[in-house]
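What follows is a set of notes on a single structure, which appears directly below.
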Amino acid sequence: MTTPLIGWYGDDFTGATDTLAVLAQAGLRAMLFLGVPGNEALAAAGPLDAVGIAGAARSMAPDAMRAELAGVGRFFQTLATPVLHYKVCSTFDSAPQVGNIACAIATLLPSVQHRWVPIVAGQPSLGRYCAFSNLFAAAGTGGTVHRIDRHPTMRQHPVTPMGEADLRLHLAAQGLHNMGALHYPQYATPADTLDATVAPWLQQPLLMDVADAAHLAPVGRLLWQQAQHARLLAVGSSVVAQALLAHWRTTGTLPASAGTPAAAPALATTAEIGPVFALAGSLSPLTARQVAAARSYARITVDAQGLAG
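Under my numbering, the first residue of the sequence shown carries the number 337, and numbering increases by one thereafter.
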């Protein structure tokens with residue numbers, strides 16, 4: 337098969353599908369697998385521009401993460417994608433003991449060649465903004481934007497509450513040290529000036545702001561430019577894919593294989609597909625409103641701890 341341009345591992349299923357949607361809507365041939373695919377599964381998929389794996393590292397302790405991601409790293413090393421994207425939630429909610437992003441980086445880094453680890457924060461399309469390394473998020477679609485440590489949901493997340501908005505400090509608490517920061521005003525400088533600014537950080541992690549859609553193309557240029565020198569690991573939400581696509585569009589180098597952007601599927605009725613079971617496990621107020629609005633469902637409240645036991 338041809339070498340895909342990007343491979344991604346989503347640290348949860350819904351996050352992995354978000355990146356799939358971004359790539360498919362751009363017309364790229366993308367496939368998401370529910371585990372490391374074998375040769376037969378890859379062959380059956382045909383030529384691909386992007387290969388993804390939906391995982392569960394976001395809910396794992398570090399030892400389990402290392403066991404999960406070691407095989408993922410070996411797979412993408414064999415596949416030789418220029419960019420390996422460790423896809424995290426756009427809110428970066430994680431902790432030293434659960435979903436540790438520093439642990440993921442340490443486990444996956446040996447599978448790429450580049451020592452630079454760009455960490456891209458903010459995804460304006462979802463109401464997430466990173467400015468001067470501090471993360472902000474809207475409370476629901478079109479809702480008020482809060483600093484992440486004051487966000488009504490994320491500051492009191494039951495597993496990974498966000499008590500620090502400066503992602504440099506948040507990730508340092510997980511063990512990611514010697515991290516640089518690239519703040520968004522620098523994207524307005526000439527390309528050679530921006531390259532010179534980034535150059536001292538090309539052997540270590542660099543946190544990159546995204547506070548506006550206009551920031552995507554400069555970030556994408558930096559990622560793709562370095563990926564041509566050596567295969568690299570990038571960390572962030574689906575903004576990583578958005579940044580690469582923005583750069584390809586700006587330069588007119590969107591992969592020639594990119595076809596017509598994927599259309600929204602036609603809605604089917606329950607008469608056509610039969611009964612539907614939906615499990616809503618989010619504590620988001622937006623999810624609560626969606627559940628309340630679902631009139632055609634019989635709603636049953638279940639105890640999460642009881643299910644886990």
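Don't be surprised by glycine CBs; every beta carbon is placed ideally from N, CA and C.
{"query": "Whole runs of the beta strand (DSSP E) within the segment 466-535, excluding any shorter than 3 residues", "result": "470-474, 481-483 and 516-518"}
{"query": "Integer Cβ distance of L378 from A352, believed to fall under 8 Å", "result": "With 8 Å as the limit, L378 and A352 do not qualify as a contact, their Cβ atoms being about 17 Å apart."}
{"query": "R585, DSSP secondary structure in three states", "result": "helix"}
{"query": "Exposure of D639, with buried meaning 16 or more beta-carbon neighbours within 10 Å", "result": "exposed"}
{"query": "Under 8 Å between C-beta atoms of T589 and A553", "result": "no"}
{"query": "Closest by C-alpha distance to R567, when choosing among A357, S461 and R451", "result": "R451"}
{"query": "Under the three-state DSSP convention, the category R402 falls into", "result": "helix"}
{"query": "Whole-angstrom C-beta distance between D354 and R394, which should lie under 8 Å", "result": "Between D354 and R394 the Cβ distance is about 13 Å, and since that is not below 8 Å, they are no contact."}
{"query": "Option nearest D545 by Cα separation, candidates P536, G556 and V372", "result": "G556"}
{"query": "Sub-8 Å separation of N470 and R491 beta-carbons", "result": "no"}
{"query": "4 or more residues per run - each alpha helix (DSSP H) lying fully within the segment 359-401", "result": "375-381"}
{"query": "Bridge partner(s) assigned by DSSP for R464", "result": "Q459 and A473"}
{"query": "Local conformation of G351 per DSSP, three classes", "result": "helix"}
{"query": "Beta-carbon contacts of G572 that lie in its chain and below 7 Å, excluding the five residues immediately before and after", "result": "V424, I455, V456 and A457"}
{"query": "Alpha carbon of V419 to alpha carbon of R486, nearest angstrom", "result": "33 Å"}
{"query": "Same chain, Cβ closer than 6 Å to V716, five either side skipped, listed in chain order", "result": "Absent from the model: residue 716. The displayed extent of the chain is 337 to 645, so no value can be given."}
{"query": "Local conformation of H551 per DSSP, three classes", "result": "helix"}
{"query": "Local Cβ density within 10 Å of F613, reported as buried at 16 or more and exposed below that", "result": "exposed"}
{"query": "Among I389, H519 and A366, nearest to G374 - alpha-carbon criterion", "result": "I389"}
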